[in-house]
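Engineer:
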Amino acid sequence: HRLDTAILNANPATISGPPGEQRSALVNEYYRALREAEQNQIVTSVFFFAHSEIILDSCFSLQEPDKMRYRDFRALDWGERFKIIVGNVFIRQHSELYSHLLEIRRYFRNIPVHASPQFLFSVEGVGLVPASFNRLDDPRLSYEYRYDANEGKRILRTFDLTLELLRGSQRTACGYLYAESALPIHIKHDLREELQNLMSSMDSFKQELERRVQLHYAMINGEI
2 HRLDTAILNA NPATISGPPG EQRSALVNEY YRALREAEQN QIVTSVFFFA
52 HSEIILDSCF SLQEPDKMRY RDFRALDWGE RFKIIVGNVF IRQHSELYSH
102 LLEIRRYFRN IPVHASPQFL FSVEGVGLVP ASFNRLDDPR LSYEYRYDAN
152 EGKRILRTFD LTLELLRGSQ RTACGYLYAE SALPIHIKHD LREELQNLMS
202 SMDSFKQELE RRVQLHYAMI NGEI
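The sequence shown begins at 2 in our numbering and counts up one residue at a time.
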């Protein structure tokens, strides 16, 4: 919601009137709103990919793809893990979405997360850029010349569509639902197999998760 609002506020159409103090104030307000939108975009992207990590782990636990060990699965980069979980059919059907996710992750998640605060600085009208240009081919924070509110809207649509597809896909629906429950994600075979045997239908699986969540909180509260 904050990002939606920030993007709406970053509207160049609000700059109007003849040159002068009032127009300058509108220009300054526009760039302030643009910076706020960019900052919210980064936070939203970091949160989205953190949330996706939980979903991928949850799906892995329930799918057990190709008998791969969890350690080996986690050693792969995010794009490879996503591809394994959603499957090749999904990737073929949503290749543009997948490519956009990788692009977003590279610029709006990886650089802010892996770069120290000293690595980035703010340039008026441009946004956050690297403080070192020793390697000019290194990516900037944004793949555009500067942050674009329209691209921000497209990124939000990609996030929403990705979650919608993960929630609705037969391959990932149970993993998505389990991730939502916030129950522990198991990697031991017997515990995983127990959950896999409960996946005969979404309704019965959901009921079992609700029962386990209630049991979990009852134990925390000392009720049992």
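All C-beta atoms in this analysis are idealised placements derived from N, C-alpha and C, irrespective of residue type, glycine included. As the structure is a prediction and not an experimental result, all values here were calculated from the model.
Taking the Cβ atom as the reference point for each residue, do Phe109 and Ser46 lie within a distance shorter than 9 angstroms?
Structural biologist: Yes.
Engineer: Straight-line CA distance for Val87 to Ala26?
Structural biologist: Taking the straight line joining both Cα atoms gives about 48 angstroms.
Engineer: With respect to the alpha helix (DSSP H) encompassing Gln42, which residues constitute its N-terminal and C-terminal limits?
Structural biologist: 22-64 is the span of the alpha helix (DSSP H), which, as asked, contains Gln42.
Engineer: For the structure I just gave you, are there three or more beta carbon pairs, one from the stretch 47-63 and one from the stretch 14-25, closer than 8 angstroms?
Structural biologist: The answer is no - the stretch 14-25 does not touch the stretch 47-63, with fewer than three Cβ pairs under 8 angstroms.
Engineer: For the alpha helix (DSSP H) that Ser96 lies in, which residues bound it at each end?
Structural biologist: Element bounds for Ser96: 96-105.
Engineer: Candidates Tyr32, Gln40, Phe61, Gly18: which alpha carbon is nearest Thr173's?
Structural biologist: It is Phe61 whose Cα lies nearest to the Cα of Thr173.
Engineer: Going by C-alpha to C-alpha distance, which of Glu97, Arg93, Gln64, Glu54 sits closest to Ala76?
Structural biologist: Minimum Cα distance to Ala76 is reached at Glu54.
Engineer: Is the stretch 3-17 touching the stretch 81-101, taking contact as three or more C-beta pairs under 8 angstroms?
Structural biologist: No: the two stretches stay apart, fewer than three of their Cβ pairs being nearer than 8 angstroms.
Engineer: Using a threshold of 9 angstroms, state whether the C-beta atoms of Leu4 and Gly153 are closer than that.
Structural biologist: A contact, by the Cβ cut-off of 9 angstroms.
Engineer: Skipping 5 residues on each side, what residues in its chain have a beta carbon closer than 7 angstroms to that of Ile221?
Structural biologist: Hits under 7 angstroms: none found.
Engineer: Can the beta-carbon of Leu98 be found closer than 9 angstroms to that of Leu164?
Structural biologist: Cβ distance not < 9 angstroms, so Leu98 and Leu164 don't count as in contact.
Engineer: Tell me the residue span of the alpha helix (DSSP H) that contains Glu81.
Structural biologist: Start and end: 79-87.
Engineer: Which residues bound the alpha helix (DSSP H) around Met203?
Structural biologist: Per DSSP, Met203 belongs to the alpha helix (DSSP H) from 203-221.
Engineer: Can you tell me where the alpha helix (DSSP H) with Ile188 in it begins and where it stops?
Structural biologist: Where Ile188 is concerned, there is no enclosing alpha helix (DSSP H), given that its DSSP letter is neither H nor E.
Engineer: Just how far apart, CA to CA, sit Leu196 and Leu102?
Structural biologist: C-alpha separation (whole angstroms): 30 angstroms.
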